[in-house]
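Residue numbers (the UniProt record's numbering): 1 to 305.
For each residue, glycine too, the CB sits at the ideal point set by N, CA and C.
Computed from a predicted structure; not experimentally measured.
Here's the structure we're looking at; comments come further down.
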């Protein structure tokens with residue numbers, strides 16, 4: 001088909017975005033079937049095997065050593081923060097709050113880029129970043145009026161997931177900023193996935209979580225989750241070769257909406273209007289950041305998305 005042939009790279013990117021949107025629901029589901037650490041370890045183990053099969057086994061010599069070390073540590077720590085924040089949440093709804101906190105990373109990435117580049121940017125970038133944080137606060141407040149005391153009370157009830165989610169958002173922003181500067185265009189994602197799986201298994205072995213108990217249904221769910229997440233990275237790696245990067249970058253900022261919709265259906269969670277409003281604010285703020293900096297990039301002032 002001519003259309004598919006012409007736009008195959010872009011379509012791969014669109015499919016990757018849709019697959020990534022299922023990450024929150026799948027990780028939460030598997031953490032309930034097993035445990036937060038073991039569930040995440042199994043997902044990343046399956047993803048590692050899948051990525052090695054599809055993308056091949058990377059050779060260490062082709063990657064800059066500083067990037068392997070620094071980038072690897074950032075990637076592994078971020079993935080552990082994300083997976084554990086979703087798994088340790090008190091409820092499925094709270095796990096969706098963790099996911100929205102995680103999606104602060106686009107705004108934070110742009111903020112870091114602005115700070116590091118030390119170049120003049122539109123003053124609109126700062127209220128845009130602030131708006132993303134307001135959106136997260138709106139989600140955390142639930143159905144009640146937005147207030148600092150209410151947010152503090154909600155966070156104090158189960159602080160560890162919130163700490164992990166916020167830490168993960170900052171870590172991924174740092175990772176995205178450094179990757180373009182240190183990677184030389186190389187992609188060691190399969191190696192990073194393997195390191196994440198190993199780290200999670202070590203944490204599980206050293207912890208006190210219950211022993212694993214498999215059923216046919218839980219095993220299939222793990223397999224699907226691992227392949228889904230791995231496929232997202234593999235397809236995106238294919239998309240950046242010849243896809244419409246501007247279109248794909250724009251669509252990627254809608255992942256919070258796609259992820260919330262998929263999670264609400266998959267996890268059978270009823271969300272309030274205020275939660276959806278918070279998600280919309282985070283998405284809108286991220287898009288504003290993207291378009292503001294994209295205009296500057298044309299001059300060129302910034303190379304970050």
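Asked: Helix, strand or coil at residue 177 [DSSP, three-state]; Found: helix
Asked: Cβ separation of residue 111 and residue 129, assumed to be a contact under 8 Å, to the nearest whole Å; Found: 5 Å
Asked: Nearest-angstrom Cβ-Cβ length linking residue 96 and residue 85, presumed shorter than 8 Å; Found: Rounded, the Cβ-Cβ distance is 11 Å, inconsistent with contact.
Asked: Sequence-distant residues of its chain with Cβ nearer than 8 Å to residue 271 (five each side left out); Found: 93, 96, 260, 264
Asked: Residue of 17, 46, 24 minimising C-alpha distance to residue 220; Found: 46
Asked: Residue 77 to residue 124 span [Cα, whole Å]; Found: 31 Å
Asked: Distance, residue 287 Cα to residue 250 Cα; Found: 7 Å
Asked: Residues of its chain near residue 195, where Cβ-Cβ distance is below 7 Å and the 5 sequence neighbours each way are ignored; Found: 72, 76
Asked: Exposed unless 16 or more other CB atoms sit within 10 angstroms - verdict on residue 200; Found: buried
Asked: Whether residue 82 touches residue 160 by CB criterion (7 Å); Found: no
Asked: Proximal residues to residue 262 (C-beta, below 7 Å), its chain only, five neighbours per side dropped; Found: 21, 22, 25
Asked: Other residues of its chain near residue 51: CB distance less than 7 Å, five sequence neighbours each side excluded; Found: 189, 190, 193, 230, 233, 234
Asked: Buried versus exposed, by CB contacts within 10 Å (16 or more), residue 66; Found: exposed
Asked: Rounded separation between residue 156 and residue 212 - CA only; Found: 30 Å
Asked: For residue 259, the first and last residue of its enclosing alpha helix (DSSP H); Found: 255-266
Asked: Opening and closing residue of the alpha helix (DSSP H) in which residue 126 lies; Found: 125-140
Asked: Nearest-angstrom Cβ-Cβ length linking residue 169 and residue 43, presumed shorter than 8 Å; Found: Not quite, the Cβ-Cβ distance comes to about 20 Å (not below 8 Å), so this is no contact.
Asked: Alpha-carbon to alpha-carbon, residue 107 and residue 141; Found: 21 Å
Asked: Contact under 7 Å by Cβ, residue 176 with residue 109; Found: yes
Asked: Outcome for residue 292 when other beta-carbon atoms lying within 10 angstroms are tallied against a minimum of 16; Found: buried
Asked: Cβ neighbour criterion (16 or more within 10 Å) applied to residue 58; Found: buried
Asked: Where residue 127 falls, given that 16 or more other Cβ within 10 Å makes a residue buried; Found: exposed
Asked: Close beta carbons around residue 27, own chain, < 6 Å, minus the five adjacent residues each side; Found: 83, 86
Asked: Pairwise C-alpha distance: residue 154 and residue 304; Found: Its pLDDT being 36, under 50, residue 304 is placed unreliably by the model, and the measurement read from it follows with that caveat. Whole-angstrom Cα-Cα distance: 34 Å.
Asked: Exposure label - residue 238; buried when at least 16 CB within 10 Å; Found: buried
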